[in-house]
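> Chains as they are written, first to last, in our numbering: chain A, 2 to 113; chain B, 13 to 126.
From the three backbone atoms N, C-alpha and C, an ideal C-beta is built for every residue, glycine too.
Can you keep this structure in mind? I'll have questions shortly.
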Amino acid sequence: SQKIEQNSEALNIQEGKTATLTCNYTNYSPAYLQWYRQDPGRGPVFLLLIRENEKEKRKERLKVTFDTTLKQSLFHITASQPADSATYLCALDIFTGDKLTFGTGTRLAVRP
Amino acid sequence: DAGVIQSPRHEVTEMGQEVTLRCKLISGHNSLFWYRQTMMRGLELLIYFNNNVPIDDSGMPEDRFSAKMPNASFSTLKIQPSEPRDSAVYFCASSATGSTGELFFGEGSRLTVL
């Protein structure tokens, strides 16, 4: 079946470490993939978009990779801070040009 | 810009009642999306509009749900009659680049149907 998988278990890390979150998908051929951050009681906020022909994209302490062969995206937060604690959602178009479909998200907790 | 504005933020109603959720888009955006979020199913797309025209409503659960976009800046999502299984957070999002671009979400409307 077609699906987008993110770790359902929370990721707990120490402040200052690098957090790495995964997004795996099956049976899709997305043209791009997006990452969003969601805080409790708030709407998701866009972070980064990476296209199928891009291997890596960076924005400040954030880095996203996109491997269309492995059907996987990795989302890294370097020098993590407690303020980075949130749920992170990946989203992609199921096929080129289609609407966004979201994964269920991974909760990140950064402890001081 | 104020961003996407949703109302009400919280709604508690009884089964069988009509519920209307409202959304104001960001000025200049031409695409509007309604999502529903639950713990079990995550974020699910219900319907989206482009230039006020419904493009894809395949995610609308059943005939009890309807959405309108009477003008370029405003949309409503109506549930009639409501049922307890409709309890969820409903998000509205807008985009300036159609269905495949960055989405700007509102803060959501938390609906509880008793």
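Helix, strand or coil: which one does DSSP assign to Ala14(B)?
The answer is coil: DSSP assigns Ala14(B) none of H, G, I, E or B.
> Three-state secondary structure (DSSP) at Pro3(B)?
For chain B, the structure presents residues 13 to 126; residue 3(B) sits outside this window and is missing.
> Indicate the three-state DSSP secondary structure (helix, strand or coil) for Asp94(A) in the structure shown.
Note: Asp94(A) maps to strand in three-state DSSP.
> Note down, in chain order, every chain A residue with its Cβ under 7 angstroms from the Cβ of Glu119(B).
Going along chain A in sequence order, the residues near Glu119(B) (Cβ under 7 angstroms) are Arg43, Gly44.
> Using a Cβ-Cβ cut-off of less than 7 angstroms, list which residues of the segment 46-64 of chain B approach chain A; keep chain order.
Going along the segment 46-64 of chain B in chain order, one finds Gly54, Leu55, Leu57, Tyr60 with a Cβ nearer than 7 angstroms to chain A.
> I'd like to know whether the C-beta of Phe103(B) is nearer than 7 angstroms to at least one C-beta of chain E.
Structure shown: chain E not included; protein chains present are A and B.
> Pro82(B) to Asn54(A), Cα distance in whole Å?
Looking at the two C-alpha atoms, the distance is approximately 39 angstroms.
> Which word fits Asp94(A), buried or exposed, when buried means at least 16 other C-beta atoms lie within 10 angstroms of its C-beta?
Counting Cβ neighbours within 10 Å, Asp94(A) comes out buried, since at least 16 surround it.
> Quick one: Cα of Ala14(B) to Cα of Ala105(B), how far?
Using only the alpha carbons, I get a separation of about 13 angstroms.
> Taking 8 angstroms as the cut-off, does the segment 54-73 of chain A touch the segment 88-101 of chain B (at least 3 CB pairs, one atom from each stretch)?
Verdict: no, contact absent.
> Run through DSSP, which three-state label would Pro66(B) get?
Note: Pro66(B) maps to strand in three-state DSSP.
> Since Leu109(A) contacts Leu12(A) with CB under 8 angstroms, what's their CB separation in whole angstroms?
About 5 angstroms; that satisfies the 8 angstroms criterion.
> My output table needs one value for Ala110(A): the three-state DSSP class, helix, strand or coil.
Residue state, collapsed to three classes: strand.
> Check the Cβ-Cβ distances between Phe67(A) and every residue of chain B, and say whether any is below 7 angstroms.
Not an interface residue.
> Please tell me whether Ile5(A) and Tyr26(A) are closer than 7 angstroms, where the distance is taken between their beta carbons.
Yes. Within cutoff.
> Kindly indicate if chain B contains any beta-carbon less than 7 angstroms away from that of Lys58(A).
Judged by the 7 angstroms Cβ criterion, Lys58(A) is not in contact with chain B.
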